[in-house]
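Novice: Here the sequence shown is numbered in full-length UniProt numbering, starting from 1 and rising by one per residue.
First, the structure itself, so that you have it in front of you.
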Amino acid sequence: MDIRVLNYFLITAREENVTRAAALLHMTQPTLSRQLKGLEAELQVDLFRRSNHSIYLTREGLLFRRRAQDMVNILERARDELQEKQELAGTIAIGCSELHSMAEVAKLIDAFQEQHPQVKFNLRSGNNDDIKGWIEQGVLDLGLLIEPVEIGKYDFVRLESQEEWGILAHQDSKFASYDAIRPGDLVGTRVITIADRVVQNELVSWSGDYAVKMRNKARYNLLYSAAMLAQQNHGVVICLKLNQTFDHLTFVPLEPALRLDSVLAWRGQQPHSAATKAFIEFIRQEKN
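As structure tokens, this is what we get:
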């Protein structure tokens, strides 16, 4: 029994008119009538009672309509489930801090899409606080976060790259010639610092007693805007070393070195799409 013929039967039963049903199915009325007659012959019952302008279900037709609808629903659901397994599709939303480890995430995305080309990714930039908030709101499926981070409520994989802290200084600044920045070097200097609360605490811990003696000019959540201030020689930016350069700015590392890890995290108890579940399983296998 062909699922197409079952659909023909259901649409004709709904419309109670062969001409209207044929128009909806984009076929001629004689063709549809032949298909319905063939179905009745196969079942050896009359499904319809016909009049000049209308067509009605018989008692057997009413019974068969219930069974036909069940069969169509089951077949369509089975087809969708099989296609989902064979051709995983959907969109995965990832929040990305400006981190060197984003290169690792990019490789994971590329490798996953080699296996599942119908899966797309949406990337959204922000700092730790932004990304955690978006995960909680359900806007994001996963987030790339720099440690230390309050990770208790999340499942995660730790990435291999370490994030190195330093400053961006204008090439005309005295700091551009330094081999490293040490606690105390920035006393009295206008500094532009990251807005993330937990990471700020880490930087304050590194600075020790000198932290309160710096002149806090501004805070940022994305480096590009902060770099624009430094390009005008309006201060130095305390930031991570990234795979990008800015005109007239020099990166100088901190000494003693401050290097932090990063994680790709998600809510373990949160319902996820089939695509997100598959990606989580993929990154677990890759990173364990």
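A virtual CB, placed ideally from N, CA and C, is assigned to each residue, including glycine.
Here's the rule: buried if 16 or more other CB atoms are within 10 angstroms of the residue's CB, otherwise exposed. What is A169?
Specialist: Here residue 169 corresponds to residue number 169 of the sequence shown, with the count starting at 1. Buried, since its Cβ has 16 or more Cβ neighbours within 10 Å.
Novice: Is the number of C-beta pairs between the segment 228-248 and the segment 114-128 that are closer than 8 Å three or more?
Specialist: no
Novice: Cβ of P253 less than 8 Å from any chain D Cβ?
Specialist: Chain labels in this structure do not include chain D; a single protein chain is all it has.
Novice: State the start and end residues of the unbroken beta strand (DSSP E) segment that holds L142.
Specialist: Sequence index remark: in the sequence shown, residue 142 carries index 142 (1-based). Counting along the chain, the beta strand (DSSP E) containing L142 begins and ends at L142 to I146.
Novice: Whole alpha helix (DSSP H) runs in the segment 118-199 with 4 or more residues, listed along the chain?
Specialist: 128-137
Novice: Spatial neighbours of residue 304 within its chain, please: CB distance less than 7 Å, with the 5 preceding and 5 following residues excluded, ordered by chain position.
Specialist: Residue 304 is absent from the model: the chain starts at 1 and stops at 288.
Novice: Would you mind sorting D2 into buried or exposed? The rule is 16 or more other CB atoms within 10 Å of its CB.
Specialist: The residue labelled residue 2 in the question sits at position 2 within the sequence shown. Answer is exposed; the Cβ neighbour count stays below 16.
Novice: Determine contact between the segment 158-166 and the segment 241-261, defined as no fewer than three beta-carbon pairs at a distance below 8 Å.
Specialist: As far as the Cβ criterion goes, the segment 158-166 touches the segment 241-261, which means the pair count is three or higher.
Novice: Helix, strand or coil, according to DSSP, for T250 in the structure here?
Specialist: Numbered from 1 along the sequence shown, position 250 holds the residue referred to as residue 250. In this structure, T250 counts as strand in the three-state DSSP scheme.
Novice: Tell me the DSSP bridge mates of N216?
Specialist: Mapped onto the sequence shown, residue 216 falls at position 216. For N216, DSSP records a beta bridge to V191.
Novice: Mind checking S51: buried by the 16 CB within 10 Å criterion, or exposed?
Specialist: Taking the sequence shown and counting its residues from 1, one reaches residue 51 at position 51. Exposed is the call here.
Novice: If you follow the alpha helix (DSSP H) that S33 is part of, which residue opens it and which one closes it?
Specialist: On the sequence shown, residue 33 is found 33 positions in, with the first residue counted as 1. First-last of the alpha helix (DSSP H) with S33: Q29 to L43.
Novice: Relative to the C-alpha of D141, which residue among T276, K120 and Q232 is closest?
Specialist: Against the sequence shown, residue 141 aligns to sequence position 141. Per the C-alpha coordinates, the member of T276, K120 and Q232 positioned closest to D141 is T276.
Novice: When you compare only the Cα positions, how much space is there between L25 and L10?
Specialist: Stepping through the sequence shown from its first residue, residue 25 is reached at position 25. Stepping through the sequence shown from its first residue, residue 10 is reached at position 10. So the two alpha carbons sit approximately 11 Å from each other.
Novice: Can you tell me the Cα-Cα spacing of N122 and V149, whole angstroms?
Specialist: Against the sequence shown, residue 122 aligns to sequence position 122. Against the sequence shown, residue 149 aligns to sequence position 149. C-alpha separation (whole angstroms): 23 Å.
Novice: Just to confirm, are E16 and S54 a CB contact at a threshold of 8 Å?
Specialist: If you number the sequence shown from 1, residue 16 lands on position 16. If you number the sequence shown from 1, residue 54 lands on position 54. Result yes, Cβ atoms of E16 and S54 sit closer than 8 Å.
Novice: Do you know offhand how far V5's Cα is from L108's?
Specialist: Within the sequence shown, numbered from 1, the residue matching residue 5 stands at position 5. Within the sequence shown, numbered from 1, the residue matching residue 108 stands at position 108. Approximately 45 Å, taken between the alpha carbons.
Novice: In whole angstroms, give me the CA-to-CA distance for L99 and L240.
Specialist: The count along the sequence shown starts at 1 and reaches residue 99 at position 99. The count along the sequence shown starts at 1 and reaches residue 240 at position 240. Between L99 and L240, the C-alpha separation is close to 7 Å.
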